[in-house]
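Read the structure below first, then the notes.
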Amino acid sequence: MQFADRLKNVETSAIRELFKLLGTPGIISFAGGFPDPALFDVEGIRISADAVLSNNPGPVLQYGATEGYGPLRAQLSLFMKNKGATVAPDGLIVTTGSQQALDLIGKTMISPGDKVIVEAPTFLATIQCFRLYGADIYGAPIDADGVQVDVLEKMIEELKPKLVYLIPTFGNPSGATLSLERRKRILEIAARTKTLVVEDDPYGELYFGTPPPPSMLALSDDIPGSREWLAHCGSLSKVLSPGLRVGWMIAPAALLANAT
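Under the working numbering, the very last position in the sequence shown is 299; numbers go up by exactly one each time.
This is how it looks when you write it as structure tokens:
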């Protein structure tokens, strides 16, 4: 078979290779973000599924809007409101996990040769996803408070990237959380330089004790011009079930329209 040219430089998935270790006897793997199955709310999911299939199964089993199931979008809007972010239901789309959201961003935004800045280190699957669309990846250094904003700002000014990808809260694999001050500064930089910032937030609920700073999405309401240069990816994979593949993307209207 003759495969697409874009696959020529695609390496074997490091994540998939790491996951193979999960079945090896005697190994406790920290390679994948697998929730403990003992914590799955199996009974709650069963009750919810029974209620939907018993009362009004048609809409959930039928073809639906490409933006996602309307009632779910409404609930996600409320979920984000409780996290301090104002988002209308039509301001988000439902995706099969946040990984599809990232793929849609790559497909919609990245052309071969475009520059993308990420934290160094960052999530392997995102690097692979963006490279599939021809991105040149540049790493910005991090410390205990997340990405070093002074360095990031210089990189943005010099490279003029198509986008910047960040995991501000409990970064993967570093575990670093971006400070409140740095979050605000990055939003200001994004608005000033007209650079799209992608906030990936699958871990924001997984804190013990003191909560992390508000998401960049929540902060963007108070920083003029920043919301139109911010995309936010969320997921229920770490707090409900990864197998259900429920994620979402909140982004400027033009990006959402082109992604769907």
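Idealized CB from N, CA, C, for every residue including glycine.
It should be emphasised that the depicted structure is a prediction, and the values quoted were computed from it without experimental measurement.
Check: How would you call Ser87, buried or exposed, if buried means at least 16 neighbouring beta carbons within 10 angstroms?
Finding: Exposed, by the Cβ-count rule.
Next item on the list: Look at the Cβ atom of Lys154, then the Cβ atom of Leu198, and state whether they are nearer than 7 Å.
Entry: In contact: Lys154 and Leu198 (Cβ atoms closer than 7 Å).
Next item on the list: Give, in chain order, every unbroken run of the alpha helix (DSSP H) that is at least 4 residues long and sits entirely within the stretch 76-101.
Entry: Listed in chain order, they are 81-94 and 96-100.
Notebook entry, point to check: With contact counted as at least three CB pairs below 8 Å, one residue from each stretch, are the stretch 260-268 and the stretch 237-247 in contact?
Noted result: The stretch 260-268, when compared against the stretch 237-247, does not touch it at the 8 Å Cβ threshold.
Next item on the list: Could you tell me how far apart the beta carbons of Ser276 and Gly136 are, in whole angstroms, since I believe they sit closer than 8 Å?
Entry: Gly136 and Ser276 do touch by the CB rule: their CB atoms are close to 6 Å apart, below 8 Å.
Next item on the list: Please list the segments of the alpha helix (DSSP H) lying wholly inside the stretch 185-217, counting only runs of 4 or more residues, in order along the chain.
Entry: Counting only runs of 4 or more, we get 188-198.
Item checked: the stretch 71-91 in contact with the stretch 213-226 per 3-pair CB rule at 8 Å -> Touching, no, given that fewer than three Cβ pairs across the two stretches are closer than 8 Å.
Next item on the list: Go to Ser274, then tell me how far its beta strand (DSSP E) extends in each direction, as first and last residue.
Entry: Following the DSSP letters along the chain, one finds Ser274 inside the beta strand (DSSP E) bounded by residues Leu269 to Ser274.
Notebook entry, point to check: CB Ala298 to CB Leu143, shorter than 7 Å?
Noted result: Closer than 7 Å, so yes.
Item checked: Environment of Val285 [buried if 16+ CB atoms lie within 10 Å] -> Val285 comes out buried.
Checklist line | Bounding residues of the alpha helix (DSSP H) (the contiguous stretch that carries Pro252) | finding: Run containing Pro252: none; DSSP gives neither H nor E here.
Next item on the list: Under the assumption that Ala290 contacts Gly123 (Cβ atoms under 8 Å), give the Cβ distance between them as a whole number of angstroms.
Entry: Rounded to the nearest angstrom, the Cβ distance from Ala290 to Gly123 is 18 Å, too far for a contact under 8 Å.
Notebook entry, point to check: What distance in whole Å lies between the Cβ atoms of Met255 and Ile225, which are believed to be in contact at a cut-off of 8 Å?
Noted result: Yes, Ile225 and Met255 are in contact; Cβ-Cβ is about 7 Å, under 8 Å.
Notebook entry, point to check: alpha helix (DSSP H) containing Glu349: first to last residue?
Noted result: Only positions 40 to 299 of the chain appear in this structure, which leaves residue 349 out of reach.
Note to self: Using a Cβ-Cβ cutoff of less than 7 Å, which residues in the same chain neighbour Pro281 once the five nearest sequence positions on both sides are dropped?
What the structure shows: Within the same chain, Pro281 has close Cβ partners Pro74.
Notebook entry, point to check: How is the beta strand (DSSP E) around Thr165 delimited, first residue to last?
Noted result: For Thr165, there is no enclosing beta strand (DSSP E); the residue is found in the alpha helix (DSSP H) stretching over Leu163 to Leu171.
Next item on the list: Inspect the beta-carbon positions of Val190 and Ala183 and report whether they are closer than 7 Å.
Entry: Contact flag unset, no.
Check: What is the C-beta distance between Tyr108 and Val157, in whole angstroms, given that I count them as a contact (C-beta under 8 Å)?
Finding: Incorrect: roughly 31 Å between the Cβ atoms, too far for contact.
Next item on the list: Confirm, please, whether the CB-CB distance from Gly145 to Phe118 is below 7 Å.
Entry: No.
Notebook entry, point to check: Bridge partners of Thr236, per DSSP?
Noted result: Here residue 236 is Val; the residue named in the question, Thr, does not match the sequence. In the DSSP output, where bridge partners are listed per residue, Val236 has Val203 and Leu269.
Item checked: Limits of the beta strand (DSSP E) - the one that Met288 falls within -> Taken as a continuous stretch (DSSP letters only), the beta strand (DSSP E) holding Met288 covers Gly286 to Ile289.
Item checked: Coil, strand or helix - Gly152 by DSSP -> In this structure, Gly152 counts as coil in the three-state DSSP scheme.
Checklist line | Distance CB(Gly166)-CB(Ser213) smaller than 7 Å | finding: In the sequence as presented, Gly is not what sits at residue 166; that position holds Ile. Not in contact: Ile166 and Ser213 (Cβ atoms no closer than 7 Å).
Next item on the list: Within 10 angstroms of the Cβ of Thr249, are there 16 or more other Cβ atoms? Answer buried if so, exposed if not.
Entry: Of the other Cβ atoms in all chains shown, fewer than 16 fall within 10 Å of the Cβ of Thr249; this residue is therefore exposed.
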